[in-house]
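Participant:
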Amino acid sequence: MNALERRLLPVVRAWHGVIPVWCARDHDIDPRLLWRWAHGNDDVQHPARGVYIWFNDDPDTDYRYTHLALSLAMAGRGAVFWGPTVVQMAKLGGWGSPIIHVAVPTRRRRRHGFHWHRDTGFARDVLCGLPVENLRQAVIDGLPYMDWDKQELVLADAVDHGLLDSDEATALVGV
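Just so we're aligned, residue 161 is where the sequence shown starts under my numbering, counting upward by one.
(1) Which same chain residues end up closer than 7 Å to Cys-288 when comparing Cβ atoms and leaving out the 5 residues on each side of it in sequence?
(2) Taking Leu-290 as part of the beta strand (DSSP E), name the residues at either end of that continuous run.
(3) May I ask you to list the residues that DSSP assigns as paired with Ile-300?
(4) Quick one: what does DSSP say Arg-269 is sitting in, helix, strand or coil?
(5) What whole-angstrom Cβ distance do Val-247 and Ala-331 have, given they're in contact under 8 Å?
(6) May I have the straight-line CA-CA distance separating His-261 from Pro-304, to the nearest angstrom?
(7) Is the separation between the beta-carbon of Trp-242 and that of Asp-301 shorter than 8 Å?
(8) Does DSSP put Ala-163 in a helix, a strand or coil?
(9) Distance check for Asp-186 and Pro-207, CA to CA, integer angstroms please.
(10) Can you list, in chain order, the residues of its chain whose CB lies under 8 Å from that of Ala-184, leaving out five sequence neighbours each side?
(11) Over the uninterrupted beta strand (DSSP E) stretch that includes Val-178, give me the two end residues.
(12) By Cβ distance, which residues of its chain are closer than 6 Å to Val-204, with the 5 residues on each side in sequence left out?
(13) At which residue ranges does the region 181 to 225 contain complete alpha helix (DSSP H) runs of 4 or more residues, listed in the order of the chain?
(14) Hey, would you say Ala-233 sits closer than 8 Å to Val-286, going by beta carbons?
(15) Which residues in the same chain have their Cβ closer than 6 Å to the Cβ of Pro-244, if we skip the five residues on either side of it in sequence?
(16) Is the distance from the Cβ of Arg-268 to the Cβ of Ala-235 below 8 Å?
See the structure below:
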């Protein structure tokens, strides 16, 4: 492992194998140096502008959430998972959204498979090592994106996990 790779390890570990260029820059790594290192490196993928994925042999890099970390990295600095995506990550109600919902501080261009939401400064949590909207609020915000039968399953799980009480869940059915 060379010196640059050792400097990249904290970023790679925190981002589940993903290297956002803006995050590497925060660690005093020149983006041009990063590009030269990645170019022709068989262990590195370049799936989108400003983002690399490094598949290394480090045992502390958890690749189970690489696809999620990649989504946040592509969304840019300050992005957090929002509503339905947080519900899916928390495995509430067995529900899953085909679209990744991300709250961002500034406008983003349309991107297939993503729905951008305005970051209103809501409370945040960390789930799977990634920043997410507060789980209780994510359940409430995600309900309009679900069919009624899935709403009931998600609300039942939210009550079981202590995120909502039964009266709140009853009031939210059909939102």
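Every residue gets a Cβ at the ideal spot worked out from N, C-alpha and C, and that includes glycine.
Quick caveat: nothing in here was measured; it's all calculated off a predicted structure.
Facilitator: Short version:
(1) Excluding residues up to 5 positions away in sequence, Tyr-225, Leu-228 and Met-249 lie with their Cβ nearer than 7 Å to the Cβ of Cys-288 in the same chain.
(2) 290 to 293
(3) Bridge partners of Ile-300: none, in fact.
(4) coil
(5) Wrong, their Cβ atoms sit about 18 Å apart, outside the cutoff.
(6) 13 Å
(7) yes
(8) helix
(9) 21 Å
(10) Leu-168, Val-171, Pro-191 and Leu-194
(11) 178 to 180
(12) Ala-198, Tyr-212 and Trp-214
(13) For the region 181 to 225, the full-length alpha helix (DSSP H) segments reaching 4 residues or more read 181 to 186 and 191 to 198 along the chain.
(14) With respect to Val-286, Ala-233 sits apart: the two C-beta atoms are not nearer than 8 Å.
(15) If we look at Pro-244 and ignore the five residues flanking it on each side, its Cβ neighbours are Ser-257, His-261, Gly-302 and Tyr-305.
(16) yes
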